[in-house]
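Undergrad: Protein chains in written order, with my numbering: chain R, 34 to 788; chain H, 34 to 788. Glycine included, every Cβ here is placed at the ideal spot set by N, Cα and C. In this text the structure is predicted, and so the values were computed from the model without any measurement.
1. Go through its chain and collect everything with a Cβ distance to residue 61 of chain R's Cβ below 6 Å, but skip five positions before and after it.
2. Could you tell me the distance, in whole angstroms, from the CA atom of residue 747 of chain R to the CA atom of residue 416 of chain R?
3. Mind listing which residues of the region 639–670 of chain H have their C-beta closer than 7 Å to chain R's C-betas, in chain order?
4. Is the beta carbon of residue 64 of chain R sitting closer than 8 Å to the one on residue 743 of chain R?
5. Out of R:231, R:289, R:208, R:125, which has the shortest C-alpha to C-alpha gap to residue 651 of chain R?
6. Entirely within the region 148–210 of chain H and at least 4 residues each: give me those alpha helix (DSSP H) ranges in chain order.
7. Would you report the Cα separation of residue 487 of chain H and residue 221 of chain R, rounded to the nearest angstrom?
8. Measure the C-alpha to C-alpha separation of residue 567 of chain H and residue 594 of chain H and round it to an integer number of angstroms.
9. Mind checking whether residue 353 of chain H and residue 269 of chain H have CB atoms under 8 Å apart?
10. Which residue comes first and which comes last in the beta strand (DSSP E) that contains residue 62 of chain R?
11. Taking its Cβ as the centre, do 16 or more other Cβ atoms sit within 10 Å of residue 542 of chain H, making it buried, or is it exposed?
12. Assuming residue 706 of chain H contacts residue 138 of chain H (C-beta within less than 8 Å), just tell me the rounded distance between them.
13. What three-state label does DSSP hand residue 391 of chain R in the structure shown?
14. What does a CB cutoff of less than 6 Å around residue 710 of chain H pick up in its chain, not counting 5 residues either side in sequence?
15. Pull up the distance between the alpha-carbon of residue 442 of chain H and that of residue 608 of chain H, whole angstroms please.
16. Considering residue 362 of chain H, what are the terminal residues of the alpha helix (DSSP H) in which it resides?
17. Could you list the residues in the region 370–399 of chain R with a C-beta less than 9 Å from some C-beta on chain H, going in chain order?
18. Answer yes or no: does any C-beta atom of chain R fall closer than 8 Å to that of residue 766 of chain H?
19. Ordered along the chain, which non-local residues of its own chain (more than five positions away) have a Cβ less than 7 Å from that of residue 394 of chain H?
20. Contact defined as beta carbons within less than 8 Å: I believe residue 619 of chain R pairs with residue 174 of chain R. What is the distance between those atoms, to the nearest angstrom?
21. Can you find a C-beta in chain R that's less than 8 Å from the C-beta of residue 712 of chain H?
22. Closer than 8 Å, CB to CB, is residue 704 of chain R near chain H or not?
23. Can a CB atom of chain H be found closer than 8 Å to the CB of residue 364 of chain R?
24. Quick one: grab the DSSP three-state call for residue 774 of chain H.
25. Quick one: complete beta strand (DSSP E) runs, 3+ long, within the region 204–256 of chain H?
26. List, in order along the chain, the chain B residues whose C-beta lies closer than 7 Å to that of residue 219 of chain R?
27. Taking Cβ-Cβ distances shorter than 7 Å, what residues in chain H pair up with residue 175 of chain R?
28. Provide the residue span of the beta strand (DSSP E) that contains residue 270 of chain R, from first to last.
29. Under a three-way DSSP split, which group does residue 382 of chain H fall into?
30. Would you mind working out which of H:708, H:721, H:702 sits nearest residue 659 of chain H, comparing C-alpha positions?
31. What residues are listed by DSSP as bridge partners for residue 306 of chain H?
32. What first and last residue would you give for the alpha helix (DSSP H) that runs through residue 400 of chain R?
33. Following the continuous alpha helix (DSSP H) through residue 663 of chain R, name the residue where it begins and the one where it ends.
34. Residue 349 of chain R by DSSP, collapsed to three states: which one?
35. Measuring straight from C-alpha to C-alpha, what distance separates residue 712 of chain R and residue 714 of chain H?
36. If we ignore side chains and look at the alpha-carbon of each, how far apart do residue 465 of chain H and residue 423 of chain H end up?
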């Protein structure tokens, strides 16, 4: 067990590294040549012009105004200043609600911490269970924890009473927060902006019809069954090949622009290139001519493919976006069953156009079921048995293994220094690589499961990751041994035995988790704000790869909050806080510091850096709510197990009331709020329709919706050519057009800051 | 363990009693004076006139045509003759689908039995595990069961393979049956008859409005949010008091008629009565004058109450039946969310008018949640701890207890004969009384939970009863000891240990369950067809109580299938069949005889006897399907436990695949079929609407729906007075009017058969 001295040292080291990151951030963010790394959001919004466009040369790269350094921490109040409505307008509801998760952590744990320190810490301190055993070296942390209460002591009722208070407080805060987020979402959905998805329903599993193609079939079906409301529809093309061609052509065009710029600067020398990969090898040719001819070829290919896709009936997948004359009619169609066979003509709210995951629109119903089953089994094995292949790789990646496969490295490896590095480094690397690619694996699994929007893919991946963290980080840290060994132990134990086994280990592992919070939480968040990897990547790309403005824009890479990775990690802190609130309250301040710090940092990031890829209107909140509730139930069950090992078995029924009430609370919340996240009430739709009819009686909705749900590959082609009237109207829609209009803005800067 | 001799004896006794019941039935049903007991359905339909209305006096009571006795079994082919569409038309879809449960049992178990006897019985017979232990007396039944296979034998793989075959066959049959029932339901719903519930939605939790009463509030809300579709609505009155008064008045009127008839027959003597309870004590008065004046008083009271209910805004509960202009609009409203707060303006399909459970329409959302939680806890204690109060009662109801409370009975009780009877009889009686009233208790619990239709109340009660049977009859018979002791054992055992504990006991209890099937199944069904209790009750009532025709009609008491009691009991047979199919195949023929016999008997009963109280369109099928699936999963888990005690632990993962697949199958079926039972597809609604608009362009729908959803107490008052045009139209609707029109028919017979 770590003494409190160890904790202090660990806290110091982590605090120092966190502060070092923060100081580095404070200095680096003031340098103009880092501006695009730390404020990309403003560039994308078109609000911020390049700071390097004026002034002396050095000023363009280094900030020499030393007064600004004195205020190096003022990004913190800045980050907190923006009021929530403005924040929602600036960064979208998803991001604004995402940072509310950290705020929720503060709301739950600050009062709990105060109460725990006022009541539980004194009770634990006067427990005296650990004083008598002089031979063991118990740290002061254990004296402040429930371990210091002797078995069977009446003082344990204080802990049970506190468990009740903490649980009810958590549930109260959760309820209030659900209420607030629901109101935010409904207000957001009911906000003034017209959006294509408000009028549109995604129809999947259109049954094949021998007499007419998909497009006519869809139109006839909805004309018949929604006669007064059907407006138009958009079939979905299988445009994967076309998208590849378009991407290839874009790359070529970038090279062409690059060489043309080069040639303009130095017209004496025509640039040359090689035909091989990245121009590194192959036959040397004239670059401009080569790329021009390649592009011509690709344009022809693309046209052929486009022709094929648009004319070949087989390229149309059995899905469509059907738009209605009013929000009311779309709400009706999305919420009702169309056909007597519930596996065809499936309707659901269309995701926002940016949010559509095009590849999954055509999966038939049966296939979907099989995929889900397979992925469920795969998830089970991944969660419990992932250590087996990794152990195999580790055993192969030993010194002996390397010597066998790569014998020429033998003399090098046999050096003592290198040998120890390899031995210390190799065993962990397979695990580290696995953990690094795990979110990607989970995302691929979710994609195989066939969800149709990026937001739902992220939500499902988050659920999988949450399970993995719960089993392998939380349980895995408490009980030694790989997950599949735990699984076997648990299966052989009685259901009442499991909380005991885990419960007993809980107080012992408190110091480990405090260290974990400091390393993963504090230092991790500080690293987040520094953006070291994007910073390096930007400068590397800017120096070596950037050829055109579009390239620079891509090098800027604002990134976005990866909900599927970050949210399950936050859940671990909620779980730790709830589990230890009664057992070892000393852990709580560390949790609070994490939540407060993370709240500030992420608020800064969503204001200045991240650019959301889609807007789901906080559709993830029911998941967040459910997982915190799961954490609460776990904490209650573990407390029950711990208590029964403390000779307080008579308390079991008293504590058992808590999980029952918590599950019931979850059901009540679900009934009360969840529908706001999956349905759209007719009353709201009618209010908006009526308002719109009154304010814009001559709105041409059909033109507005004309190509809202066209596959992006067709859209970009259209944007390059002549923009239709529908396109112009769409440009005024901030949600759809964020990316495009921002691109337009940065195009306007063309030439001003080419390196 | 019972030898096969015991089984044969038991089978003989039960067969004999079953045959005795059947012979008694065959004779009794031919007697004209029993005609109303055995063919009430035809009386209610108005097809059968009283057989006693013509012919000599004796012929009215006893059938002297001895030729008919020779064909005493011809009710069986008769029962099987009616084709299914006619059956649905005659008895309703609920009943027709109900008997398909027995047919499903045959479909599942006949092939399984054949295969088990062809494969498993020979394998078990040659197992030879039991031959070597000569000291134990194993019956031949055990030689045919899996007990005869030695531990670790490779022959056990045959059983596992058979478990796969049986599971897949069961799933296949279940899927096909779900498909058939779904088609039947959809066809039934789409059948030609217009019904008020097709156009109507039940709205609950209408929020209070300070400015306008409920009725206006509902109208305004739906006029605004369904502007083109809203037709009319009907508020719900809290008419419980009024209903009581009306019932009381009816009783009085019956007495008046009775005395008037008596006086007409013998005008010399004015009948007298006493003012006390049932005319048994109190002051003697002139009967006709007394009842006439009492009725006058009640009419006044009733008018006052009626006035109060219709005018007092507080008597209107916050619920309403809202009707729409088309089925399409009703389907839309029922399936969508109306308000941004999902706990108000809750819409659901209106139950059929007869099916409405009026008392539960006004329960607010929060109260509903609290009620469900409380009932869940109550159900848990009822299921696992019901033996505790019964044991208490039993300990009090001993000889000593009686002597203490009623000392004057002491000399009587001390007689040896009576003592032994009391001692044998008393301990069981508390349990028997409890089991007899259990379905009523469960129904009351379901009513407290607040479901709004009688059909859903029955379904929920059935689910509760199923749990009780599963725990207390199935598990309770396998493992000795009360349920709460089992619960403790199970909680202290590991999850892998439970299937083992139960699995080991399975083969041992085979003979017990065979006896159970014969007593409860065979003899029980034979008793069902004899209708002994209704037969006796009818003749008792007819002799002593029947005063008017309406009384006779009530004495006839056709009854109806009590889904909430019968269906969970059938499930036990499915469970037994599935569990023993691999373990002790010799049990299967008993199951098959039960299903075949029950199918025939219940087919006869629904054709000739039962009169359904409502029609839910087989809405219970998803429950039936789910419970059979649960039985299948239980059988697979128990087989897994049994196998691991047979030193075949390596088979565990092989068998584990089965429950996973079964759960997945259940999910697929749910997705594929369940929506047909909870939603109404728009396509179907549109087809019917269009058809109706073409065939009856001048239909006055508002008049048709005018008082379809009026509380029955108002309706009957209206029917006694002048019938509105809406009423007449409604009378022609066979589904709503069954009861009333049948009543009209029996009224037409007035005087023809007064005793």
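TA: So, to answer that:
1. Here residue 61 of chain R refers to the residue found at position 28 when the first chain is read from its first residue. 67, listed in sequence order.
2. Numbered from its first residue, the first chain carries residue 747 of chain R at position 714. Numbered from its first residue, the first chain carries residue 416 of chain R at position 383. About 40 Å.
3. none
4. Position 31 of the first chain holds residue 64 of chain R. Position 710 of the first chain holds residue 743 of chain R. Against a cut-off of 8 Å, the Cβ pair of residue 743 of chain R and residue 64 of chain R comes out as no contact.
5. Position 618 of the first chain, counted from the start, is the residue given in the question as residue 651 of chain R. Measuring from the Cα of residue 651 of chain R, the nearest candidate turns out to be R:125.
6. 154–158, 173–176
7. Mapped onto the second chain, residue 487 of chain H falls at position 454. Mapped onto the first chain, residue 221 of chain R falls at position 188. For residue 487 of chain H and residue 221 of chain R, the distance between alpha carbons rounds to 41 Å.
8. Counting from 1 along the second chain, the entry for residue 567 of chain H is found at position 534. Counting from 1 along the second chain, the entry for residue 594 of chain H is found at position 561. Going by the C-alpha atoms only, they are around 14 Å apart.
9. To locate residue 353 of chain H, count along the second chain from 1; it is residue 320. To locate residue 269 of chain H, count along the second chain from 1; it is residue 236. In this structure, residue 269 of chain H lies closer than 8 Å to residue 353 of chain H by Cβ.
10. As a first step, residue 62 of chain R is located in the first chain; it is residue number 29 there, counting from the start. Segment: none, residue 62 of chain R is in no beta strand (DSSP E) and carries neither H nor E.
11. The count along the second chain starts at 1 and reaches residue 542 of chain H at position 509. Classification of residue 542 of chain H: buried, given that the 10 Å Cβ count is 16 or more.
12. Within the second chain, residue 706 of chain H is the residue found at index 673, counting from 1. Within the second chain, residue 138 of chain H is the residue found at index 105, counting from 1. Wrong, their Cβ atoms sit about 20 Å apart, outside the cutoff.
13. The residue given as residue 391 of chain R occupies position 358 in the first chain. Correct three-state label for residue 391 of chain R: helix.
14. As a position in the second chain, residue 710 of chain H is number 677, starting the count at 1. Cβ within range, chain order: 652, 655.
15. Mapped onto the second chain, residue 442 of chain H falls at position 409. Mapped onto the second chain, residue 608 of chain H falls at position 575. C-alpha separation (whole angstroms): 47 Å.
16. On the second chain, residue 362 of chain H is found 329 positions in, with the first residue counted as 1. It spans 360–368 - the alpha helix (DSSP H) in which residue 362 of chain H sits, taken as one unbroken run.
17. 370, 371, 372, 373, 374, 375, 376, 378, 398, 399
18. Residue numbering aside, residue 766 of chain H sits at position 733 when the second chain is read from its first letter. The predicted model places residue 766 of chain H with a pLDDT of 38, which falls under 50 and marks its position as unreliable, so this point remains unresolved.
19. As a first step, residue 394 of chain H is located in the second chain; it is residue number 361 there, counting from the start. Around residue 394 of chain H: 237, 269, 350, 352, 485.
20. Taking the first chain and counting its residues from 1, the one referred to as residue 619 of chain R is at position 586. Taking the first chain and counting its residues from 1, the one referred to as residue 174 of chain R is at position 141. With a Cβ gap of about 6 Å, residue 619 of chain R and residue 174 of chain R count as contacting.
21. In the second chain, the residue the question calls residue 712 of chain H occupies position 679. Yes, residue 712 of chain H counts as interfacial toward chain R.
22. As a position in the first chain, residue 704 of chain R is number 671, starting the count at 1. Answer yes: the Cβ-Cβ gap between residue 704 of chain R and chain H drops below 8 Å somewhere.
23. Counting from one through the first chain, the residue named residue 364 of chain R turns up at place 331. Cβ-Cβ to chain H under 8 Å: yes for residue 364 of chain R.
24. For the purposes of this step, residue 774 of chain H is identified with residue 741 of the second chain, where counting begins at 1. With a pLDDT of 33 at residue 774 of chain H, under the threshold of 50, the modelled position of that residue is not reliable, and no figure is offered here.
25. 233–237
26. The displayed structure is made up of protein chains R and H, and chain B is not among them.
27. Within the first chain, residue 175 of chain R is the residue found at index 142, counting from 1. By Cβ distance, chain H contributes nothing, its closest Cβ being about 30 Å from residue 175 of chain R, past 7 Å.
28. To locate residue 270 of chain R, count along the first chain from 1; it is residue 237. Where residue 270 of chain R is concerned, the enclosing beta strand (DSSP E) stretches over 263–270.
29. Translated into positions along the second chain, residue 382 of chain H becomes position 349. It is a strand residue.
30. Counting from one through the second chain, the residue named residue 659 of chain H turns up at place 626. Of H:708, H:721, H:702, the residue nearest in Cα terms is H:702.
31. Here residue 306 of chain H refers to the residue found at position 273 when the second chain is read from its first residue. Paired residues: H:318.
32. In the first chain, the residue the question calls residue 400 of chain R occupies position 367. Per DSSP, residue 400 of chain R belongs to the alpha helix (DSSP H) from 398–418.
33. Taking the first residue of the first chain as 1, we reach residue 663 of chain R at position 630. That run of the alpha helix (DSSP H) goes 654–678.
34. Residue numbering aside, residue 349 of chain R sits at position 316 when the first chain is read from its first letter. If DSSP states are grouped into helix, strand and coil, residue 349 of chain R belongs with the strands.
35. The residue given as residue 712 of chain R occupies position 679 in the first chain. The residue given as residue 714 of chain H occupies position 681 in the second chain. Those two C-alpha atoms are separated by around 18 Å.
36. Taking the second chain and counting its residues from 1, one reaches residue 465 of chain H at position 432. Taking the second chain and counting its residues from 1, one reaches residue 423 of chain H at position 390. Near 10 Å, if we compare the C-alpha coordinates of residue 423 of chain H and residue 465 of chain H.
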